Amino acid sequence: MTECCINPSILSADFVNLEAELKRISNADAVHVDVMDNHFVPNLTLGLPVVERIQAVSPVPLDAHLMIADADRWAPAYADAGVASVTFHAEAAMAPIKLARELRARGAKAGMALRPATPVEPYLDMLSELDMLLIMTVEPGFGGQSFLDVTLPKIRRARAAIDGSGIGVAIQVDGGVTEETIVRAAEAGANVFVAGSAVYGHADPAAAIERLRAAGLAAM
Ligand SMILES: O=C(CO)[C@H](O)[C@H](O)COP(=O)(O)O
Ligand SMILES: [Co+2]
Numbered sequence: 012m013t014e015c016c017i018n019p020s021i022l023s024a025d026f027v028n029l030e031a032e033l034k035r036i037s038n039a040d041a042v043h044v045d046v047m048d049n050h051f052v053p054n055l056t057l058g059l060p061v062v063e064r065i066q067a068v069s070p071v072p073l074d075a076h077l078m079i080a081d082a083d084r085w086a087p088a089y090a091d092a093g094v095a096s097v098t099f100h101a102e103a104a105m106a107p108i109k110l111a112r113e114l115r116a117r118g119a120k121a122g123m124a125l126r127p128a129t130p131v132e133p134y135l136d137m138l139s140e141l142d143m144l145l146i147m148t149v150e151p152g153f154g155g156q157s158f159l160d161v162t163l164p165k166i167r168r169a170r171a172a173i174d175g176s177g178i179g180v181a182i183q184v185d186g187g188v189t190e191e192t193i194v195r196a197a198e199a200g201a202n203v204f205v206a207g208s209a210v211y212g213h214a215d216p217a218a219a220i221e222r223l224r225a226a227g228l229a230a231m
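Encoded structure:
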């Protein structure tokens, strides 16, 4: 595997200057947009109207991470808005296969996320319905948390299942990704890396992206 995608999270950007903040990461593979509803997670960020404006000005495709309840009802609208990749949480979807098919039918890549304590095994048979599996490496809700190494065996099991079945599903990790932890996540089998603090916490976010990409690639 040679692909190594770095998707900065704008959760750590300056929300008053989002257009300028997006220009600072134009060498990223996508921009990760964290949508939180204060129900599925104890935090509130932004919703569809703001995502539509980000979509209009972003130099890179959007990777929407929906930390919202009732994903079956709300997620398709993000695909309709032209978001390239829409990720819902398995714990928030009543009918994840139906929802993944709806997202793809609307032209988006379908992603499904698992909280750190949610096992991957119940979902192995539906991986072919997905373009991306997001394995959360922190409890969703806030940026700036520490990477949970306890999730590494799950990443390894997911990678083994994907490689064993020959399906082309990306494995994304999100939370606490740094130049150090990206090595362990990449060795375990992840190939798409979300980083908020480790990109926007630096004076030169574009240079931070290149360092993360180099560290991830070297570990694959
Ligand atoms: O989904 C998220 C939190 O729920 C964020 O994408 C994630 O926390 C990124 O921030 P950091 O890299 O600072 O951990
Ligand atoms: Co996220």
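Residue numbering for the sequence shown follows the numbering used here, beginning at 12 and increasing consecutively. Heads up, the beta-carbon is just placed ideally off N, CA and C, and yes, glycines get one too. Note that the structure is predicted; figures quoted are calculated from it, not measured.
Per DSSP, reduced to three states, the secondary structure at Gly155 is coil, with no helix or strand assignment. One Cα belongs to Met231, the other to Ile36, and the distance between them is close to 23 Å.
Secondary structure of Val71 (DSSP, three-state): coil. Looking at the DSSP output, Gly122 sits in a beta bridge with Thr98, Met143. Considering only His76, Phe51, Pro60, the residue with the shortest C-alpha distance to Pro19 is His76. Scanning its chain for C-beta atoms nearer than 7 Å, with the 5 sequence neighbours on each side dropped, one finds around Ala226 the residues Glu190, Ile193, Val194, in chain order. A distance below 8 Å separates the beta carbons of His43 and Asp74. In the structure shown, Val27 falls within a helical segment according to DSSP collapsed to helix, strand and coil.
Counting only residues whose CB is nearer than 6 Å to a non-hydrogen atom of ligand 2, the list in chain order is Ser20, His43, Asp45, His76, Asp185, Val205. CA-to-CA, the gap between Leu55 and Phe158 works out to about 22 Å. Relative to Thr98, the option among Val184, Ala24, Lys165, Phe153 whose CA is nearest is Val184. Distances from the alpha-carbon of Ile17 to those of His213, Ala214, Leu110, Ala209 put Ala209 closest. Pairing Ala124 with Met105 gives a Cβ-Cβ distance that is not under 8 Å.
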